[in-house]
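Heads up: the sequence shown begins at 31 in my numbering, then just goes up one per residue. Below is one structure, written out as structure tokens, with a few remarks after it.
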Amino acid sequence: MYLNILKSKIHRVTVTESCLDYIGSITIDEDLMDAANLIANEKVQIVDNNNGNRFETYVIKGERGSGVICLNGAAAHLVSVGDVVIIMAYTWLEAEEARVFKPAVIFPDTKTNRLI
Numbered sequence: 031m032y033l034n035i036l037k038s039k040i041h042r043v044t045v046t047e048s049c050l051d052y053i054g055s056i057t058i059d060e061d062l063m064d065a066a067n068l069i070a071n072e073k074v075q076i077v078d079n080n081n082g083n084r085f086e087t088y089v090i091k092g093e094r095g096s097g098v099i100c101l102n103g104a105a106a107h108l109v110s111v112g113d114v115v116i117i118m119a120y121t122w123l124e125a126e127e128a129r130v131f132k133p134a135v136i137f138p139d140t141k142t143n144r145l146i
């Protein structure tokens, strides 16, 4: 049996930009991606702590060290610049592996979106 388990979590970062005129996705500072074990084009779930919206999109690499969290395309309608969001990715694991798996969970500075 396979279980869908949390793989990666960026806990509480602030949306710095939104860009409606884009195909779609979320741009994330590459430092945050590395720390949370996320890769470009990976599917993520976004939870907006300010308005309760929950949605899925995929990751695009942002400039390393920039602190960028930018919602692109239609997803830009679901958040506002300044909102605090949680970004999560999941993986499928066999039940035995899932019992011992440790997700990559990071807690950046909410004001700068940089690693503490």
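Glycine included, every Cβ here is placed at the ideal spot set by N, Cα and C. If you're wondering where the values come from, they're calculated on a predicted model, not measured in any experiment.
Residues near residue i in its chain [Cβ-Cβ closer than 7 Å; skip 5 each side]
i: residue 96; result: 59
i: residue 54; result: 87, 102, 103, 104, 105
i: residue 171; result: In the structure as shown, the chain starts at 31 and stops at 146, and residue 171 therefore has no counterpart that could be examined.
Rounded straight-line distance, which links the Cα of residue j to that of residue i
i: residue 140; j: residue 109; result: 16 Å
i: residue 130; j: residue 51; result: 42 Å
i: residue 48; j: residue 64; result: 22 Å
i: residue 80; j: residue 135; result: 21 Å
i: residue 114; j: residue 123; result: 29 Å
i: residue 45; j: residue 69; result: 19 Å
i: residue 125; j: residue 132; result: 13 Å
i: residue 107; j: residue 82; result: 13 Å
i: residue 67; j: residue 39; result: 9 Å
Span of the beta strand (DSSP E) around residue i
i: residue 128; result: Per DSSP, residue 128 belongs to no beta strand (DSSP E); it is in the alpha helix (DSSP H), 125-130.
i: residue 84; result: 84-92
i: residue 80; result: Unbroken run through residue 80: none, as it is neither H nor E.
Contact set for residue i: own chain, Cβ-Cβ below 6 Å, skip 5 residues either direction
i: residue 57; result: 90, 92, 98, 100
i: residue 137; result: 41
i: residue 84; result: 77
Closer than 8 Å: residue i CB and nearest the ligand SAH heavy atom
i: residue 110; result: You won't find the ligand SAH in this model; it holds no ligand whatsoever.
Residue ranges of each alpha helix (DSSP H) within the region 31-75, 4 or longer: 60-65
Cβ contact check for the region 117-128 and the region 65-79: 3 or more pairs under 8 Å: yes
Run through the region 93-121 for me and flag every whole beta strand (DSSP E) of 3 or more residues, listed as ranges in chain order. 99-102
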